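Data block below; observations after.
There are 2 protein chains.
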Amino acid sequence: MTNAPESECDVLIIGAGPAGLMAARWMAEFVRQKPDLRIRIIDKRSTKIFTGQADGLQCRTLETFQTLGLAEKILAEANEMVTISLYNPDENGVLKRTDRIPDTLPDISRYHQVVLHQGRIERHFLDSIAERSDMQIKVERGVLPEELTVDDSKIEDSEAYPITVKVRHLSEEEATPAQFGHKAANGLFRSSLTTAEEEDAAFARQPGRGENETETIRAKYVIGCDGGHSWVRRTLGIEMVGEQTDYIWGVVDGVPHSNFPDIRSRCAIHSANSGSVMIIPRENGMVRLYVQLQERAQPGQRVDKARFTSEMVIASAKKIMEPYTLDVPEVDWFTAYHIGQRVANAFDRDNRVFIAGDACHTHSPKAGQGMNTSMMDTYNLCWKLGLVISGKADRSLLKTYASERRPFAQALIDFDHKFSRLFSGRPAKDMADEMGVSMDVFKDAFIKGNKFASGTAINYDPSIIVGKEGAITSKRDLAKNIEVGTRLASHKVVRHAEGLPIHLGDLLVSNGKFRILLFAGKASDPQQMQRIGAFADYLDSDKSVISRYTPQGGKRDDVVEVLTIHSNTREEVEMHDFPAPSLFPKYDYNKIYADCEPYHGGHAHAYQNYGIDEQKGAVIVVRPDGYIAMVCDLEDTPMLDAYFDGFMLAPAKTIGRQTEADWTIKGTKSNGVNGTGVHVQKEPAAPVV
Amino acid sequence: MTNAPESECDVLIIGAGPAGLMAARWMAEFVRQKPDLRIRIIDKRSTKIFTGQADGLQCRTLETFQTLGLAEKILAEANEMVTISLYNPDENGVLKRTDRIPDTLPDISRYHQVVLHQGRIERHFLDSIAERSDMQIKVERGVLPEELTVDDSKIEDSEAYPITVKVRHLSEEEATPAQFGHKAANGLFRSSLTTAEEEDAAFARQPGRGENETETIRAKYVIGCDGGHSWVRRTLGIEMVGEQTDYIWGVVDGVPHSNFPDIRSRCAIHSANSGSVMIIPRENGMVRLYVQLQERAQPGQRVDKARFTSEMVIASAKKIMEPYTLDVPEVDWFTAYHIGQRVANAFDRDNRVFIAGDACHTHSPKAGQGMNTSMMDTYNLCWKLGLVISGKADRSLLKTYASERRPFAQALIDFDHKFSRLFSGRPAKDMADEMGVSMDVFKDAFIKGNKFASGTAINYDPSIIVGKEGAITSKRDLAKNIEVGTRLASHKVVRHAEGLPIHLGDLLVSNGKFRILLFAGKASDPQQMQRIGAFADYLDSDKSVISRYTPQGGKRDDVVEVLTIHSNTREEVEMHDFPAPSLFPKYDYNKIYADCEPYHGGHAHAYQNYGIDEQKGAVIVVRPDGYIAMVCDLEDTPMLDAYFDGFMLAPAKTIGRQTEADWTIKGTKSNGVNGTGVHVQKEPAAPVV
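In structure tokens form, the structure reads like this:
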């Protein structure tokens, strides 16, 4: 028990589900850079998830995991979903496979969507948080928040701790409430069938207990990642806005015995009159069945969750999947939920207390959006928060959390509203059957939905960090195939030093850095090399965003990292032709890349894919979360200044201009195979030894 | 100290380097299947390797690691080598890059060669051995063998323990001999510059010590993996045959400071008059330099290893690499060696005691063959040994170890003989310079050598397990692009159950099973389905190799696993069209694959790549080590019988004929999208519920 009566912290994260763990994982990077930051994460429950709950991981989530060093481990355990089979009644009402479509749209991402039990994902996050924070951030379990107040007078004071949270340390018993009397592991106690009041009651203070176990935490920032019944949200008085359907669905996990031909494939099954099933094939031979139940809910009325059993869910599935056989001899987990779509009317209180994940949007689980969107909420929030509490960025940056994530949550709710009604509707018998759902309309929605659900389609509106208008209106023509405000799709480039093809996405590690991607164009052309040289001169000067925003004592790539991608072969130009040390720092072989044909795997055509001119190149600024901040020309350094000046804070002492002399030796030029002899030489060449 | 005065074990492995660990890893699979097997592995040294030693991993080694579940972890840490740059003197004698070639030949394997420090590789092996053997096999360190005798009268008795090995348990101090006074970590004490006598002396019994710490081990089999000075080899009186050059090379590991343009790329550098250097870029920014030293050895005379220092190696490299700069401020490890090529005149004693790895072949390290070949020796030996000690195969199988690996070792020695002389020779000044080495000849040898060095070119001679002649003469025309006796190259196939592309190599897990790959051809054609049905009938009958060689109580795929790969799309035939349960066992979705276009990644054309007719198919038998045993037609079940009868032993009680009735339901046929309605129905269809 960390039972100090009163303590301070920079960020208090409430809730250690996917949203909370992603928040903690991001904060670990900032703690690594500034070990005096104090980050805490608490959860009222005594244990993490062991079975059931969410499982789908979408493309964008996997791309993000890769930048956090988590993708390989998670993919090694996950089950990849590649095909969706659609089953519908034929003219005699007999179930029939009518179509197959790809699950992940081809070429949308280098990753395909997969499923893995939430508990395993949380395990990998916990390991990664411990490692990256050097054990400084650990989830404190059995800690229940009871009171939250914000001192309005201190909100704009960056040194203050305006938030006071009183928490109670629970006993093991209190932190492990009974799961409503079911023997099989289930999620009913967390589902939409449980009320906030029931959840509160499960953790309520027992008479004569808990008086001595309270603690007062004063925090600069609080993030409420505390689920659909979010105590933080209710305490802040934020409302959930939206509506409910009358559909009730059940979920069951297990290894089915079935002769259904696509039992290991994702399926959407609409029976003639018995409802719908979605099949999700999972890791270790397990299958998840989402099953529409015959029970209906009356809008506004509560449904008695105790009525729902795994047997009931399986029985419904059997009926829907006739004439195929189905049995689930051992149920790993089950739940039931009432479909509704709601979104919070605010995502923060004065940019001091934030809510994220299920706390601000709830919807049906079938598109696998819950866990993904929750993690992406805090992935969006926490690099901003990290820069602010590290003193690198202004508090105004924080308002882009709500301005970016709330419209997305609304779009998600709208998508789910449409999608879940199509899924729960009875198939139309024919064209005239207007009460039924047209299976062509459903298929179309499924395909379109897949793009949305992949998470790759997000396009953030213009803001201080999305350069689409005003002083930072990106030059769209310089990179025709990408959109400012979307995530930068990854293509392979070839590391100049040895010719290894590397995904650009692998270079965009989540560590809080902005990146300037210098698409240098044809560096073998002397005129183009002059432009590159001028850009390097800017970077080296005391006026550059690097010189002005990097604190003294750090490395020049600590805040803004420059990566150069040229369009020559590795023989047309040499690494040493590039201006050193700004583009080619001393003995650093990881900054210069070529868009050329490697020996293995084929040309990835990055310039072409991004729509960048191979001669003239372009500059792309990428945010710490991988979203495209702005696109400009090599000469547009004032735009770079304007962009960073919009929210960055200059440190008291900056690193200043580049003072290290050019270290490369130019005298050996004639030794290259096809060396152009073109380079920007800023210092006399060192003598050749 | 496991100091039983006398004990028995099935296999005693002497030496825990790469060859010994691979042996133990294989044996772990057999211990997993038969927990009463007793396997021990001892090493006289107190610790595993922490720096230096071998580092290159060739394609075939990585393919093998994948079948052992080791590839992912090792590749995540390794550095991939993609380019070889050749540097030679120009007409003025100045070093110049003259060529670049791919390091791994394109399309030779799905893996490319990589480098990773031997200590990390050993670490992953140790973890994997512990996990797979359920902690039953652990390396016993500080255990020195002192006496080995074989009781000739018991050699052919499969119940006997004909070998007696006396070992001494060393103190920590005795097991950690001083490394000849060098401060920097080095490999001189293990290099070819150290004599067997010096090595023996380092571990010699001290007066008044060790009398009580001896143990007598009686073993069925012994594998000597105890290095170039192999005590096992010397004890057996086996001779090393070959010759030595007068060249001496040094090796140094560190992070170099250099302006050499290809310092992060593999390079072969021939200077005009100062000798040669090979650069190997390694993990974590480290680089290994192989450096030809000016010192020469007189054949037959010993070289004083104490003379060699890292400074001397670096100084030689600097001179060779002029005019580029080079410094290695911190040396991680260094060594020196005297180039020679020798191979043992026998690889075993009566197929009871075997030697493997450096114990039976020594050569120069530059082609990265040592560690790879050593591991491949025991990878070849130990599935055979595992089947024999498990009672599944006849002892005659063991003679194929020497008959397969000794000719390969001889070829390796011949390759290295040529390659190392080309590397150490002075570049020819012009056509007339007959004493010099032509750089075109060198380049050509490098490219050809790469194929050999990849390990994928091995083609074992005909034998009881390589069906190339007599009763098991493979029908080569049925799979035109593959060679019996070579490893089966991996191509992707699509898992029928859900459409996921999977490398065939991933299915060939190293667990001691033989595989029958049934390339079923166009299963949508009724005539072809008849042939498939007849083959399935054979498998189910009491005459099949499965029925006769699988012990009662086991699963039908325990000894011989059948995998079906058809050439239809996943819509032209259904999984349930295939004969169940022989080809499609109950609820097992991992046995049937399609050579078709998946949604992502493109058609892999497995039939085309193997040269198999897409209509008629073929049967390929693959050995437990991934080598192609035989190729035949679907009707050639007598050939299957003849092959397995050649070395397998029938268990006392066999699993016998397939008795489980066909479990699939055929009545729903009309529900498929494009179902052919063709299938072999052996039992009346169960009623559709």
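Note that the protein sequences, when read in sequence, are chains A and B.
Each residue of the first sequence is one higher than the one before, counting from 99 in my numbering.
Each residue of the second sequence is one higher than the one before, counting from 99 in my numbering.
Where a beta carbon is used, it is the ideal one built from N, C-alpha and C, also for glycine.
Since the model is a prediction, treat every value here as computed from it, not as a measurement.
Asked	Found
Distance CB(N190 (chain B))-CB(W431 (chain B)) smaller than 8 Å	no
V339 (chain A) - DSSP class collapsed to helix/strand/coil	strand
Proximal residues, the stretch 654–678 of chain A versus chain B, C-beta separation under 9 Å	R668, E669, E672, M673 and H674
8 Å Cβ cutoff, P379 (chain A) in contact with chain B	yes
Test: C107 (chain B) CB closer than 8 Å to a CB of chain A	no
Through-space distance from N186 (chain A) to V776 (chain B), alpha-carbon basis	Low local confidence applies: a pLDDT of 32 at V776 (chain B) is under 50, so the model's placement there is unreliable, with the coordinate-based value given in what follows. Taking the straight line from one Cα to the other gives about 23 Å.
H698 (chain B) at chain E interface by Cβ criterion, 8 Å	No chain E appears in the structure shown, which is made up of the protein chains A and B.
Chain A residues whose Cβ lies nearer than 9 Å to that of E170 (chain B)	E170 and A174
Residues that C107 (chain B) bridges to, as DSSP identifies them	B:A317
Option in A:S639, A:K641, A:L616 and A:D640 with minimal Cα separation from R629 (chain A)	A:L616
CB of P525 (chain B) within 8 Å of CB of H664 (chain B), strictly	no
Residues of its chain near F517 (chain A), where Cβ-Cβ distance is below 7 Å and the 5 sequence neighbours each way are ignored	A465, A543 and G547
Three-state class that DSSP yields for C157 (chain B) in the structure shown	helix
Length of the line joining the Cα atoms of I253 (chain A) and K497 (chain A)	13 Å
Simplified DSSP state of M233 (chain B), which is helix, strand or coil	coil
Proximity to S414 (chain B) [Cα-Cα], best of B:S572, B:K684 and B:L391	B:L391
Same chain only: Cβ atoms within 8 Å of D108 (chain A), ignoring 5 sequence neighbours per side	L135, R136, I137, A317, K318, Y319 and I487
Residue burial classification, I206 (chain A) (beta-carbon count within 10 angstroms, cutoff 16)	buried
Three CB pairs or more closer than 8 Å across the stretch 416–434 of chain B and the stretch 325–334 of chain B	no
Partner residues on chain B for Y687 (chain A), Cβ-Cβ distance less than 7 Å	R362
Option nearest R230 (chain A) by Cα separation, candidates A:M120, A:K566 and A:T262	A:M120
Within-8 Å CB hit, A595 (chain B) to chain A	yes
Near-chain B residues of the stretch 330–360 of chain A (beta-carbon distance less than 7 Å), N- to C-terminal order	H355, N357 and P359
Where V385 (chain B) falls, given that 16 or more other Cβ within 10 Å makes a residue buried	buried
Three-way DSSP call (helix, strand, coil) for E297 (chain A) in this model	helix
Continuous alpha helix (DSSP H) assignments of at least 4 residues falling wholly in the stretch 342–426 of chain A	408–419
Whole-angstrom distance between T460 (chain A) and R519 (chain A), CA atom to CA atom	15 Å
Within-8 Å CB hit, H210 (chain A) to chain B	yes
Complete beta strand (DSSP E) runs within the stretch 586–643 of chain A (minimum length 3 residues, chain order)	590–593, 599–601 and 612–619
Short CB-CB distance (under 8 Å) between P722 (chain B) and chain A	no
S65 (chain B) classed as buried or exposed, judged by whether at least 16 other C-beta atoms fall within 10 angstroms	For residue 65 (chain B) there is no data in the structure shown, the boundaries of chain B being 99 and 787.
Cβ pair D760 (chain B), A634 (chain B) closer than 8 Å	no
Pair within 8 Å by beta-carbon distance, I545 (chain A) and I199 (chain A)	yes
Pair within 8 Å by beta-carbon distance, A595 (chain A) and S363 (chain B)	yes
Closer than 8 Å to chain B by CB, G118 (chain A)	no
Nonlocal neighbours in the same chain, by C-beta distance under 6 Å from A152 (chain B), ignoring five residues either side	Q216, G468 and M469
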